[in-house]
Amino acid sequence: MPTPAELSRRALDYAAANQDALLELLETLCKIPAPSNQEELRAEFVRNYLLDAGAEHVYIDPALNVVCPLGCQDADDIRVFMAHTDTVFPASTKLEPRIAGGRMHCPGVGDDTANVAVLLLCAKYILQNKLKPRVPVLIAFNSGEEGLGNLKGCRRLMRDYQGRVHSVISFDGGLTHVCNKAVGSSRYEIKATTQGGHSFGCFGNRNAIEVLAGLITELYAVKPPQKAGTKTTYNVGLIQGGTSVNTIAQSASMLYEIRSDDRECLEQMEQSLRQILAKRKSADAKVELQLLGQRPCMGEVDKQRQQELEQFHFDLLEKYVGQRPKTGSGSTDCNIPFSMGIPSLCYGMYNGQGAHTLEESLDIASLTTGMRVCLAAVLDCFVDE
Ligand SMILES: [Zn+2]
């Protein structure tokens with residue numbers, strides 16, 4: 011890949027002239043609730059926006075992705091640029107964007123609404139000016155990136171375009187950090203059930219809470235694999251169970267997750283979980299394991315192609331942001347293409363704070379830089395003179 015080219019005068023003027031339009035678009039998007047698996051309203055807005063800008067083949071797929079292919083018909087080597095429409099906030103969340111002290115405040119404003127807004131404006135520039143793609147490009151506003159979405163949107167996209175994707179850039183997160191390695195995870199509900207009974211009259215019967223507690227103690231005695239250059243973790247995030255103070259608990263359950271940036275280590279942790287569970291099962295206690303979600307680890311990604319992609323985007327970020335980005339592993343939409351061996355990167359178009367909290371905000375001035383970065387990243391695939 012060549013070094014990032016200069017943006018055309020026309021593109022620079024477009025970025026400068028659309029600063030207010032970007033804020034307005036961001037505010038409008040912020041107000042449209044989009045919990046994972048309920049992205050319908052945002053998807054519809056995004057599709058209509060693209061249609062208004064002149065898109066011809068835009069569609070919403072069954073996973074609620076808004077997909078805008080440009081020069082992709084029968085083509086391989088498709089460059090995918092995506093930003094996710096869903097947020098972690100339930101539909102009941104108050105969504106009232108507020109500007110104060112150079113910042114915009116609203117749950118979800120940065121993650122990932124700002125990136126959706128910037129990519130939308132970038133797509134509008136391409137569509138309005140009828141730019142010719144040099145290589146096939148797919149711009150997607152995908153569903154289901156956050157927890158409960160379980161990467162549903164990206165999975166669907168990668169399946170629909172299987173064998174035809176050259177690389178994936180997921181615009182998610184900020185301008186100073188790039189995720190270039192996948193953290194895989196498995197999330198489970200583990201449930202213990204026993205006969206239970208009256209705390210006094212049936213004393214001696216197995217107690218589901220005691221079974222679960224023993225299980226937790228054992229799980230926390232597991233030493234995660236210590237393979238050099240990798241990180242593996244586990245967590246019990248929630249427990250519930252029991253009936254009353256004078257009842258021997260009949261059921262108790264917990265949410266348990268394991269994470270690793272290494273496939274082998276993740277598999278080892280899965281194995282030790284299954285061994286521990288098998289030991290805990292007995293005639294008077296049932297232990298059930300239910301998989302709630304799974305994000306795959308890195309597959310066999312061609313090192314040189316991944317490096318070329320990194321070089322180009324790191325140079326680009328350095329050029330417009332003024333510093334080379336930090337890198338690290340993460341659990342993002344890129345897990346899916348990574349697991350399929352497709353070179354990928356994840357970064358975003360703003361500087362923000364408090365992602366996944368009600369106090370989330372972003373620095374409005376950083377969006378100006380973000381707009382240029384997005385244009386430079388995507389327009390590299392188009393002829394724009
Ligand atoms: Zn996100």
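Residues in the sequence shown are numbered from 11 upward in steps of one, following the numbering used here.
Built from N, CA and C at the ideal position, the CB exists for glycine as well.
Note that the structure is predicted; figures quoted are calculated from it, not measured.
- Buried is the label assigned to Ile374, since at least 16 other Cβ atoms lie within 10 Å of its Cβ.
- For Ile88, the secondary structure class from DSSP, reduced to helix, strand or coil, is strand.
- Separation of the CB atoms of Leu326 and Ala288 is rounded to 51 Å, and the pair is thereby denied contact status at 8 Å.
- Bridge pairing for Ile249: Met264 [DSSP].
- Shortest Cα-Cα distance from Thr342 to any of Glu50, His94 and Ala26 involves His94.
- Put simply, of Gln316, Ile352, Thr379 and Cys275 the residue whose alpha carbon is nearest the alpha carbon of Gly239 is Cys275.
- Taking Leu158 as the centre and dropping the five residues before and after it, the same chain places the C-beta of Ser46 and Asn47 closer than 7 Å to its C-beta, in chain order.
- Between the segment 183 to 199 and the segment 289 to 304 there are three or more inter-stretch CB-CB distances shorter than 8 Å, so the stretches are counted as touching.
- Between Val77 and Val56, the C-beta gap is not smaller than 8 Å, which leaves the two residues out of contact.
- Boundaries of the alpha helix (DSSP H) harbouring Val383: Ile374 to Leu389, taken from the DSSP string.
- For Arg19, the number of other beta carbons within 10 angstroms of its own is below 16, and it is reported as exposed.
- Two segments are said to touch when three or more pairs of C-beta atoms, one from each, lie closer than 8 Å; by this definition the segment 306 to 326 does not touch the segment 365 to 374.
- For Arg197, the uninterrupted beta strand (DSSP E) segment begins and ends at Gly194 to Thr204.
- Judged by pairs of C-beta atoms under 8 Å, the segment 167 to 178 touches the segment 141 to 154, as three or more such pairs exist.
- In this structure, Glu155 has its CB closer than 7 Å to one or more heavy atoms of ligand 1.
- Only buried fits Phe322, as 16 or more other CB atoms lie within 10 angstroms of its CB.
- A straight line joining the alpha-carbon of Pro43 with that of Ala223 spans about 38 Å.
- Counting along the chain, Gln278 sits inside no beta strand (DSSP E); it lies in the alpha helix (DSSP H) bounded by residues Arg273 to Arg290.
- Taking all protein chains shown into account, Phe210 has fewer than 16 neighbouring C-beta atoms within 10 Å of its C-beta and is therefore exposed.
- About 6 Å separates the CB atoms of Ala133 and Leu60; that is less than 8 Å, so the two are in contact.
- Ser354 is the residue among Gly183, Leu372 and Ser354 whose C-alpha sits nearest the C-alpha of His176.
- Looking at Leu161, Phe213, Arg284 and Ile109, the one whose alpha-carbon comes closest to that of Glu370 is Ile109.
- In this structure, ligand 1 has a non-hydrogen atom nearer than 7 Å to the beta-carbon of His94.
- Distance from the CA atom of Lys162 to the CA atom of Asn256, rounded to whole angstroms, is 44 Å.
- Near ligand 1, meaning a beta-carbon closer than 5 Å to one of its heavy atoms, we find Asp121, Asp122 and Asp182.
- Across the structure, Gly118 and Pro143 are spaced so that their CA atoms are roughly 32 Å apart.
- Leu319 and Ile179 have their C-alpha atoms roughly 9 Å apart.
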